[in-house]
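Following the working numbering, the numbering of the sequence shown begins with 123 at its first residue and continues without gaps.
Quick reminder that beta carbons are idealized off the backbone N, C-alpha and C, glycines included.
Being a predicted model, the structure only gives us computed values, none of them experimental.
Working notes for the structure below.
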Amino acid sequence: MSKGIKGAPAKALSAAMMMIGCAGVLTGAPGRAVAGAGEGMNDTVLFFGPQVAIRSTGKSTLGFDSGFTTALSGDIDASGWVVTGNLGYAHTRYAGALTHSFYSSLLIGYQWQTPNIYFSLSAGVALNGDYDTASGTGVVGAVGGSLLYVFETKAVNAPYVQSFGSFSTIATDIYLHAKAGYKTTSVSYGAEYTFFDDSGSAPTHRIGVFVNGIRITDRLSMSVSAGYQYNRAPDELGGAYATIGFSTPLSLFK
Numbered sequence: 123m124s125k126g127i128k129g130a131p132a133k134a135l136s137a138a139m140m141m142i143g144c145a146g147v148l149t150g151a152p153g154r155a156v157a158g159a160g161e162g163m164n165d166t167v168l169f170f171g172p173q174v175a176i177r178s179t180g181k182s183t184l185g186f187d188s189g190f191t192t193a194l195s196g197d198i199d200a201s202g203w204v205v206t207g208n209l210g211y212a213h214t215r216y217a218g219a220l221t222h223s224f225y226s227s228l229l230i231g232y233q234w235q236t237p238n239i240y241f242s243l244s245a246g247v248a249l250n251g252d253y254d255t256a257s258g259t260g261v262v263g264a265v266g267g268s269l270l271y272v273f274e275t276k277a278v279n280a281p282y283v284q285s286f287g288s289f290s291t292i293a294t295d296i297y298l299h300a301k302a303g304y305k306t307t308s309v310s311y312g313a314e315y316t317f318f319d320d321s322g323s324a325p326t327h328r329i330g331v332f333v334n335g336i337r338i339t340d341r342l343s344m345s346v347s348a349g350y351q352y353n354r355a356p357d358e359l360g361g362a363y364a365t366i367g368f369s370t371p372l373s374l375f376k
């Protein structure tokens, strides 16, 4: 597996959850805020957005993720079984070489919804493919299993906590993310920490700030985060990262 993209399968899962998080983990708060006043139940949330990381060594990574989460019960705001799919692309440029990575995942799991807490646990399959222009060896692909958890508090005008993590058998990928701050009736904001690692590269740490749930239209929400990224590997070292995520609820099966 190429070292050009760190933990691509885990990044696919984490980006998916980050973008869902910009809608308040599927529901908004309180009630069906994401759906808009007077609208019916939604069964699906679509999410998409870019992310970028720039290291002090000149190494840079640009990626784009998109996907969906669908409630099998027909109500994304209710407890029940969910299916999440994700497809992403990223490229890393360093020392004249360019590495392309394509990754996807398909998970099935169960979500628990209470008035103030959201939690979900999912499992499924992840796929990853890399192509390094320097070596020209063609696409190197891998398939593996993945586990994912998500936790979020939903109480408004109150302290806010969100955490999610994933593990993939592809290169023993691990990804852990946590947010802590305050949630109002419209947005949540605060500080975030991310750790990710795999068997092909050194651990990476991210420390930054975030704002979730920025309403663009009645049905489109945005999240933003940015901060400092650190890695002990010679071609990584320190740098900056930024992510933008958009999400919109839909009723596809009614």
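#### Entry: Those runs of the beta strand (DSSP E) which lie wholly inside the segment 249-320 and span at least 3 residues
Those beta strand (DSSP E) runs which fall completely within the segment 249-320 and span 3+ residues are 262-275, 280-290, 295-305, 310-320.
### Message
Relative to the C-alpha of Gly263, which candidate in Val283, Ala280, Tyr225, Tyr271 has its C-alpha closest?
### Response
Here residue 263 refers to the residue found at position 141 of the sequence shown. With respect to the C-alpha of Gly263, the residue from Val283, Ala280, Tyr225, Tyr271 having the closest C-alpha is Tyr225.
### Task
Check whether the segment 220-234 touches the segment 193-211, counting contact only when three or more Cβ pairs, one atom from each stretch, lie closer than 8 Å.
The segment 220-234 vs the segment 193-211: in contact.
### Message
Please tell me whether Lys305 has its Cβ less than 8 Å away from any Cβ of chain B.
### Response
The chain labelled as chain B is not found in the depicted structure, where only one protein chain is given.
### Query
Measuring from the CB of Phe318, is there a heavy atom of the ligand NAP at a distance below 7 Å?
For the structure depicted, the ligand NAP is absent and the ligand set is empty, with no information on it obtainable.
### Query
Residue ranges of each alpha helix (DSSP H) run of no fewer than 4 residues wholly in the segment 320-347, ordered along the chain?
DSSP runs (the alpha helix (DSSP H)) wholly in the segment 320-347: none.
### Task
Using the Cα positions of Val332 and Val174, report the straight-line distance between them to the nearest angstrom.
By one-based count along the sequence shown, residue 332 stands at place 210. By one-based count along the sequence shown, residue 174 stands at place 52. Correcting the residue identity first, residue 332 is Phe in this sequence and not Val. Each residue's alpha carbon lies about 15 Å from the other.
### Task
Measure the alpha-carbon distance for Ser242 versus Tyr297 and round it to whole angstroms.
Here residue 242 is taken as the residue at index 120 of the sequence shown, counted from 1. Here residue 297 is taken as the residue at index 175 of the sequence shown, counted from 1. Whole-angstrom Cα-Cα distance: 16 Å.
### Message
Within the continuous beta strand (DSSP E) that includes Ser227, where are the two ends?
### Response
Within the sequence shown, residue 227 is the residue found at index 105, counting from 1. 219-235 is the extent of the beta strand (DSSP E) around Ser227.
### Cβ-Cβ separation, Phe190 to Leu220 (assumed contact under 8 Å), whole Å
The residue you call residue 220 lines up with position 98 of the sequence shown. The residue you call residue 190 lines up with position 68 of the sequence shown. With a contact defined as Cβ atoms closer than 8 Å, Leu220 and Phe190 miss out at about 29 Å.
#### Entry: Beta carbon of Thr214 nearer than 8 Å to that of Thr179
The residue you call residue 214 lines up with position 92 of the sequence shown. The residue you call residue 179 lines up with position 57 of the sequence shown. Note that the C-beta distance between Thr214 and Thr179 is not below 8 Å.
### Query
beta strand (DSSP E) containing Asp187: first to last residue?
In the sequence shown, residue 187 corresponds to position 65, counting from 1. It spans 182-193 - the beta strand (DSSP E) in which Asp187 sits, taken as one unbroken run.
### Message
Relative to the C-alpha of Ile329, which candidate in Ala348, Gly367, Val283 has its C-alpha closest?
### Response
The residue you call residue 329 lines up with position 207 of the sequence shown. Scanning Ala348, Gly367, Val283 for the CA closest to the CA of Ile329 turns up Ala348.
### Task
Provide the residue span of the beta strand (DSSP E) that contains Ile176, from first to last.
As a first step, residue 176 must be located in the sequence shown, where it is residue number 54. Ile176 -> beta strand (DSSP E) spans 166-177.
### Message
By the three-class DSSP mapping on this structure, what secondary structure does Arg215 have?
### Response
On the sequence shown, residue 215 is found 93 positions in, with the first residue counted as 1. Assignment of Arg215 by DSSP, reduced to helix, strand and coil, places it in the strand class.
### Message
Please classify Phe170 as buried or exposed, where buried requires at least 16 other C-beta atoms within 10 Å of its C-beta.
### Response
In the sequence shown, residue 170 corresponds to position 48, counting from 1. Answer is buried; the Cβ neighbour count reaches 16.
#### Entry: Leu229 versus Val247 - alpha carbon distance
Sequence index remark: in the sequence shown, residue 229 carries index 107 (1-based). Sequence index remark: in the sequence shown, residue 247 carries index 125 (1-based). Roughly 6 Å separates the two Cα atoms.
### Residue from Ala362, Phe368, Ser323, Gln235 whose Cα sits closest to the Cα of Thr339
Numbered from 1 along the sequence shown, position 217 holds the residue referred to as residue 339. When Ala362, Phe368, Ser323, Gln235 are compared, the shortest CA-CA separation from Thr339 is found for Phe368.
### Query
What's the gap between the Cα of Tyr282 and the Cα of Ala355?
The sequence position of residue 282 within the sequence shown is 160, counting from 1. The sequence position of residue 355 within the sequence shown is 233, counting from 1. In a straight line, the C-alpha of Tyr282 is about 33 Å away from that of Ala355.
### Task
Rounded to whole angstroms, what's the CA-CA distance from Ser288 to Lys376? Just pull it up for me.
Taking the sequence shown and counting its residues from 1, one reaches residue 288 at position 166. Taking the sequence shown and counting its residues from 1, one reaches residue 376 at position 254. Going from the Cα of Ser288 to the Cα of Lys376 covers about 32 Å.
### Message
Using a 10 Å radius around the Cβ and a threshold of 16 neighbouring Cβ atoms, would you call Ser323 buried or exposed?
### Response
To locate residue 323, count along the sequence shown from 1; it is residue 201. Ser323 is buried by the Cβ-count criterion.
### Candidates Lys276, Asp295, Thr307, Ile198: closest to Asn238 by CA position
Here residue 238 refers to the residue found at position 116 when the sequence shown is read from its first residue. Closest in C-alpha terms to Asn238, from the list Lys276, Asp295, Thr307, Ile198, comes Lys276.
### Message
Between the alpha carbons of Thr370 and Ala280, how many angstroms are there, rounded?
### Response
Position 248 of the sequence shown, counted from the first residue, corresponds to residue 370. Position 158 of the sequence shown, counted from the first residue, corresponds to residue 280. Those two C-alpha atoms are separated by around 24 Å.
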